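J.: Each residue of the sequence shown is one higher than the last, beginning at 73 in the working numbering.
Glycine included, each C-beta is placed from N, C-alpha and C at the ideal position.
Values in this document were obtained by computation on a predicted structure and should not be read as measured data.
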Amino acid sequence: MAQVNGNYLKLKAGYLFPEIGRRVKAFSEANPTAPIIRLGIGDVTEPLPEACRTAMKGAIDEMGTREGFHGYGPEQGYLWLREAIAKNDFQARGCSITAEEIFVSDGSKCDSSNILDILGEGNRIAVTDPVYPVYVDSNVMAGRTGDADDAGRYGGLTYLPITAANGFTAEIPTEKVDLIYLCFPNNPTGAVATKAQLQAWVDYARANDALILFDAAYEAFIQDPELPHSIYEIEGARECAIEFRSFSKNAGFTGTRCALTVVPRGLMGTAANGERVELWALWNRRQCTKFNGVSYIVQRGAEAVYSPEGQAQVQALVAFYMQNAAIIRRELTSAGIQVYGGEQAPYVWLKTPENLDSWGFFDHLLGKAHVVGTPGSGFGAAGEGYFRLSAFNSRENVEEAMGRIRAL
Ligand SMILES: *Cc1c(COP(=O)(O)O)cnc(C)c1O
Numbered sequence: 073m074a075q076v077n078g079n080y081l082k083l084k085a086g087y088l089f090p091e092i093g094r095r096v097k098a099f100s101e102a103n104p105t106a107p108i109i110r111l112g113i114g115d116v117t118e119p120l121p122e123a124c125r126t127a128m129k130g131a132i133d134e135m136g137t138r139e140g141f142h143g144y145g146p147e148q149g150y151l152w153l154r155e156a157i158a159k160n161d162f163q164a165r166g167c168s169i170t171a172e173e174i175f176v177s178d179g180s181k182c183d184s185s186n187i188l189d190i191l192g193e194g195n196r197i198a199v200t201d202p203v204y205p206v207y208v209d210s211n212v213m214a215g216r217t218g219d220a221d222d223a224g225r226y227g228g229l230t231y232l233p234i235t236a237a238n239g240f241t242a243e244i245p246t247e248k249v250d251l252i253y254l255c256f257p258n259n260p261t262g263a264v265a266t267k268a269q270l271q272a273w274v275d276y277a278r279a280n281d282a283l284i285l286f287d288a289a290y291e292a293f294i295q296d297p298e299l300p301h302s303i304y305e306i307e308g309a310r311e312c313a314i315e316f317r318s319f320s321k322n323a324g325f326t327g328t329r330c331a332l333t334v335v336p337r338g339l340m341g342t343a344a345n346g347e348r349v350e351l352w353a354l355w356n357r358r359q360c361t362k363f364n365g366v367s368y369i370v371q372r373g374a375e376a377v378y379s380p381e382g383q384a385q386v387q388a389l390v391a392f393y394m395q396n397a398a399i400i401r402r403e404l405t406s407a408g409i410q411v412y413g414g415e416q417a418p419y420v421w422l423k424t425p426e427n428l429d430s431w432g433f434f435d436h437l438l439g440k441a442h443v444v445g446t447p448g449s450g451f452g453a454a455g456e457g458y459f460r461l462s463a464f465n466s467r468e469n470v471e472e473a474m475g476r477i478r479a480l
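What follows is the structure, encoded as structure tokens:
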């Protein structure tokens with residue numbers, strides 16, 4: 073008899089995006105001519121940068137020759153890409169990260185889940201509330217939590233509320249935790265952390281021998297030059313943090329797939345017998361065993377992000393989405409809605425008007441304006457009463473959607 077992983081049965085059934093899909097489908101079946109605009113799921117909409125496409129086409133042609141053919145590549149990624157990443161994303165910002173410490177992958181979603189492979193069962197885990205659901209569900213699947221309660225909170229996890237009251241940056245826990253998931257700029261709230269705030273997290277982690285899992289998928293959207301893009305801009309972070317990055321949002325690689333994880337040499341965890349173990353060696357072993365690398369073609373496309381043309385095109389993409397975010401903020405504000413985020417991140421997080429709950433506002437917006445957003449409560453109990461709108465869309469759709477909301 074083949075037994076299933078019972079941890080999967082602990083997952084809350086009504087997962088956010090399927091439920092949104094169900095309600096949108098029901099609405100459009102009842103209203104087949106309603107022109108629906110989706111500002112819900114966080115996928116990009118604009119075409120791939122030309123520099124990336126040109127590099128990928130060149131790589132395809134190389135693959136068509138005996139000399140230029142590439143089979144299995146290094147599990148960690150090609151050195152030329154890892155070197156470009158280390159130099160441009162880290163060393164240029166004063167972070168002492170080397171190519172050896174960078175592991176190229178097919179996504180941060182997978183990496184931020186897979187990292188649990190090398191971490192033990194007994195860790196006390198902290199997540200923010202609201203949160204990117206992947207961090208929680210991957211822990212549930214790996215058996216690192218108890219059952220969910222009625223509010224959807226899993227036993228064994230430490231939830232750190234992020235609300236307007238604390239500026240959407242969680243407070244440092246008063247209890248001791250071993251693993252902390254942080255995402256800045258934040259999905260879903262669009263909040264960002266200052267150097268001083270990240271320094272407090274690094275200081276906590278070092279004092280408590282904890283590990284920070286830092287998701288920087290949206291770093292390219294930071295506009296304020298004073299704000300840190302990487303956790304390694306913070307003193308002491310090499311001793312306590314792993315960072316996830318992705319080409320998905322800055323360069324539009326959501327369908328192309330390329331990302332990276334940084335595991336500093338000398339970053340240690342503790343074995344059951346108390347021995348100190350280097351996490352780099354475990355992650356390297358994990359990747360070599362379970363992963364066979366990202367396609368040569370895609371890695372050449374990612375490398376082109378760092379060319380002068382690539383940099384200009386990526387900056388233009390980011391500027392385009394941030395202009396959308398500015399329009400959303402401006403229009404909602406003049407409609408009398410309280411908005412947060414959207415200044416250093418492509419997400420606007422709004423307080424639902426008239427004390428509607430998150431799903432109530434979802435139904436109201438869909439029914440009256442034919443606009444789809446994401447209920448804040450879907451990201452965690454403390455997201456109740458909030459709502460996320462994404463700036464990933466065409467200018468036309470954003471302007472049309474905002475016009476309809478203002479007309480409500
Ligand atoms: C979109 C996103 C990512 C990127 O995931 P990929 O698998 O690299 O596409 C990572 N973290 C968060 C919070 C995201 O929203």
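For a minimum of 4 consecutive residues, which ranges assigned as the alpha helix (DSSP H) are wholly contained in the region 234–309?
T.: For the region 234–309, whole alpha helix (DSSP H) runs of length 4 or above, ordered along the chain, are 267–280.
J.: Please determine whether the Cβ atom of ASP287 lies at a distance below 7 angstroms from any heavy atom of ligand 1.
T.: Counting from one through the sequence shown, the residue named residue 287 turns up at place 215. Result yes, Cβ under 7 angstroms from ligand 1.
J.: With THR333 as the anchor, note down where its beta strand (DSSP E) starts and where it stops.
T.: For the purposes of this step, residue 333 is taken as the residue at position 261 of the sequence shown. Here the beta strand (DSSP E) through THR333 covers 331–334.
J.: Taking GLY413 as part of the beta strand (DSSP E), name the residues at either end of that continuous run.
T.: As a first step, residue 413 must be located in the sequence shown, where it is residue number 341. Per DSSP, GLY413 belongs to the beta strand (DSSP E) from 411–413.
J.: Pick helix, strand or coil for LYS458, following the three-state DSSP scheme.
T.: Translated into positions along the sequence shown, residue 458 becomes position 386. Looking at the sequence shown, residue 458 is not Lys but Tyr. Three-state result, TYR458: strand.
J.: Taking TYR87 as the reference, which of LYS440, THR446, ASP435 has the closest Cα?
T.: Translated into the one-based positions of the sequence shown, residue 87 becomes position 15. When each option's Cα is compared against that of TYR87, the closest is THR446.
J.: Do ALA463 and TYR378 have their beta-carbon atoms positioned less than 8 angstroms apart in this structure?
T.: On the sequence shown, residue 378 is found 306 positions in, with the first residue counted as 1. On the sequence shown, residue 463 is found 391 positions in, with the first residue counted as 1. No, the Cβ-Cβ distance between TYR378 and ALA463 is not below 8 angstroms.
J.: Could you check the C-alpha separation between PHE316 and ILE399 for me, to the nearest Å?
T.: By one-based count along the sequence shown, residue 316 stands at place 244. By one-based count along the sequence shown, residue 399 stands at place 327. For PHE316 and ILE399, the distance between alpha carbons rounds to 29 angstroms.
J.: What does DSSP give as the partner residue(s) for ILE197 in the beta ladder?
T.: Reading the sequence shown from its first residue, position 125 is the one you call residue 197. Beta-bridge pairing links ILE197 to LEU229, LEU251.
J.: Where does ARG110 fall in DSSP's three states?
T.: Against the sequence shown, residue 110 aligns to sequence position 38. ARG110 falls in the strand class under three-state DSSP.
J.: Tell me the rounded alpha-carbon separation between LEU507 and SER184.
T.: No answer is possible for residue 507: it lies beyond the span of the chain, which begins at 73 and ends at 480.
J.: Could you tell me the boundaries of the alpha helix (DSSP H) in which GLU471 lies?
T.: Within the sequence shown, numbered from 1, the residue matching residue 471 stands at position 399. 467–479 is the extent of the alpha helix (DSSP H) around GLU471.
J.: Closest to ASP221 by CA distance: which of ALA453, GLY112, ARG476 is it?
T.: Counting from 1 along the sequence shown, the entry for residue 221 is found at position 149. The residue with the shortest Cα to Cα distance from ASP221 is ALA453.
J.: Pick from MET213, VAL420, ALA397: whose alpha carbon is nearest that of PRO260?
T.: For the purposes of this step, residue 260 is identified with residue 188 of the sequence shown, where counting begins at 1. Checking every option, the nearest Cα to that of PRO260 belongs to VAL420.
J.: Check each candidate in LEU332, THR200, GLY218, ASN77 and name the one with the smallest Cα separation from VAL176.
T.: What you label residue 176 is simply residue 104 of the sequence shown in a count that begins at 1. Among LEU332, THR200, GLY218, ASN77, the Cα nearest to that of VAL176 is on LEU332.
J.: Closest by CA to PHE321, which one among LEU285, ARG358, ASN258, GLU193?
T.: Taking the first residue of the sequence shown as position 1, residue 321 is located at position 249. Position check: residue 321 holds Lys in this sequence, whereas Phe was assumed. Ranking the options by Cα distance to LYS321, first place goes to ASN258.
J.: Going by C-alpha to C-alpha distance, which of VAL249, GLY239, GLU243 sits closest to LEU229?
T.: Taking the sequence shown and counting its residues from 1, one reaches residue 229 at position 157. Residue VAL249 is the option with its Cα nearest to LEU229.
J.: Could you tell me the boundaries of the alpha helix (DSSP H) in which TYR419 lies?
T.: For the purposes of this step, residue 419 is taken as the residue at position 347 of the sequence shown. Segment 419–423 is the beta strand (DSSP E) holding TYR419; no alpha helix (DSSP H) there.
J.: Quick check on PRO90: buried or exposed, where buried means 16 or more other Cβ atoms within 10 Å of its Cβ?
T.: Position 18 of the sequence shown, counted from the start, is the residue given in the question as residue 90. So PRO90 counts as exposed.
J.: Output yes or no for whether 8 angstroms exceeds the beta carbon distance between ARG329 and ASP178.
T.: Here residue 329 corresponds to residue number 257 of the sequence shown, with the count starting at 1. Here residue 178 corresponds to residue number 106 of the sequence shown, with the count starting at 1. Taking 8 angstroms as the Cβ cut-off, ARG329 and ASP178 qualify as a contacting pair.
J.: So, for ALA214: in the same chain, excluding its five sequence neighbours on each side, which residues have a beta-carbon less than 6 angstroms away from its beta-carbon?
T.: Here residue 214 is taken as the residue at index 142 of the sequence shown, counted from 1. Answer for ALA214: LEU188, listed in chain order.
J.: Between ASN195, ARG154, SER406, PRO119, which lies nearest to SER466 when the distance is taken from Cα to Cα?
T.: Taking the sequence shown and counting its residues from 1, the one referred to as residue 466 is at position 394. Closest option to SER466, Cα to Cα, is PRO119.
J.: Looking only at its own chain, which residues have a Cβ that is under 6 angstroms from the Cβ of GLU375, when we skip the five neighbours before and after it?
T.: The sequence position of residue 375 within the sequence shown is 303, counting from 1. Excluding positions up to five away in sequence, the list reads LEU153, ALA156.
J.: On the premise that PHE459 lies in contact with THR424, defined as a C-beta separation below 8 angstroms, what is that separation, rounded to the nearest angstrom?
T.: Taking the first residue of the sequence shown as 1, we reach residue 424 at position 352. Taking the first residue of the sequence shown as 1, we reach residue 459 at position 387. 5 angstroms between Cβ atoms; contact.
J.: Would you kindly work out how many angstroms separate the C-alpha atoms of GLU381 and HIS142, rounded to a whole number?
T.: The count along the sequence shown starts at 1 and reaches residue 381 at position 309. The count along the sequence shown starts at 1 and reaches residue 142 at position 70. Looking at the two C-alpha atoms, the distance is approximately 25 angstroms.
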